Amino acid sequence: MKSILIFILCVSAHLSSAQKKTMLFDGTAIKGWHNFKKSIVDSWTIEDGALTTDGKGSDLVSDKEYGDFVLDFDFKVQPKGNSGVIYKVIEVNDEAHFATYASGPEFQIIDDIAYPEELKDVQKSGANYDINPPKMIASHPAGEWNHGTIKVKNNKITHSINGKKVVKYTYGDATWDAGVVKSKFAKWPYAMAHHKGKIALQGHGDRIYFKNIAIKEL
584 MKSILIFILC
594 VSAHLSSAQK
604 KTMLFDGTAI
614 KGWHNFKKSI
624 VDSWTIEDGA
634 LTTDGKGSDL
644 VSDKEYGDFV
654 LDFDFKVQPK
664 GNSGVIYKVI
674 EVNDEAHFAT
684 YASGPEFQII
694 DDIAYPEELK
704 DVQKSGANYD
714 INPPKMIASH
724 PAGEWNHGTI
734 KVKNNKITHS
744 INGKKVVKYT
754 YGDATWDAGV
764 VKSKFAKWPY
774 AMAHHKGKIA
784 LQGHGDRIYF
794 KNIAIKEL
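Per this note's numbering, residue 584 is the first one in the sequence shown, and the count goes up by one each step.
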C-alpha cells in the first residue's frame, strides 16, 4: 500500500509539473503579447501557423513578466537576416529603456553564413549577444527551422539550439559584470541585474518566424 501511495504521489507531482507549461503562441492567435511600449499588436502576423514580422515595426513583448523559467521556441530567419529573443525586459516609458535590449539579455538569431557584415563570435547564433559567444554553431542554415531553449534558474542561464547547449553563464556574477563593462550595455539599464522581466521577440528589419512558443515557470 505504501509503495502504491508513493507511486501515486510521484505521478501527481509529474502531472502538476507538466501542467505548468504554458503556450505563449500556439499558431492560431496572438494573445498575451503587445508591441514594445504600445497596447496593441502591430506589424506581427500569423503565416502558416507561425508568428512573423518583416521587422518594420517594434519588438513584440509578452504581457507578463517571468523570473525563473524554461522557454522553448522554434525559429527561422530569412537569408542574411538578424533577430533574437530577449528576456528580463523592463518595459517603462523613459529614455533609458529605449529598446527591449536596453535592459535584457538576448538569445541571438542570425544567418551565420551569409550575413552581409563580418560577425564577431558574440554576435553569432545562440550567443548571449555581445557578452557570451556560443561554443559552437548549432543552428541550421537560414530559411530552415531550428529549436531554441532558454533556461533561467537561480541566475544560472543556458541557451540551447537544436538540443545542443551553446551558452552557459551566471547572470549578475563578477564574470558577467566584467563582460558588461566591455560591452555596449555598460551604461544601460542592462547593467543592473534584476530577477523578473518580460520576453521579447525582436523585429530587426528582417523577416523572422517563430512557432510553438512555450514557457514553464520554475
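Where a beta carbon is used, it is the ideal one built from N, C-alpha and C, also for glycine. These numbers come from a predicted model, not from an experiment.
Of the candidates Gly687, Ile791, Lys707, Ile791 places its Cα closest to the Cα of Glu630.
Distance from Ile782 to Val672 at the Cβ level is roughly 7 Å; contact confirmed, criterion being Cβ atoms closer than 8 Å. At the C-beta level, Gly638 and Asp760 stay beyond 8 Å of one another.
Contact fails between the stretch 734-741 and the stretch 657-669, because fewer than three Cβ pairs, one in each stretch, are under 8 Å apart. For Trp627, the uninterrupted beta strand (DSSP E) segment begins and ends at 627-630. Following the DSSP letters along the chain, one finds Asp760 inside the alpha helix (DSSP H) bounded by residues 757-764. Within the DSSP bridge table, the entry for Gln691 names Gly667 as partners. In the three-state reduction of the DSSP assignment, Ala612 falls in the coil class. Using a 10 angstroms sphere on the CB of Thr611, the tally of other CB atoms stays under 16, which defines it as exposed. Judged by DSSP in its simplified three-state form, Val660 adopts strand. Looking only at Ser645, Ser622, Thr683, the smallest Cα-Cα distance to His787 is reached by Thr683.
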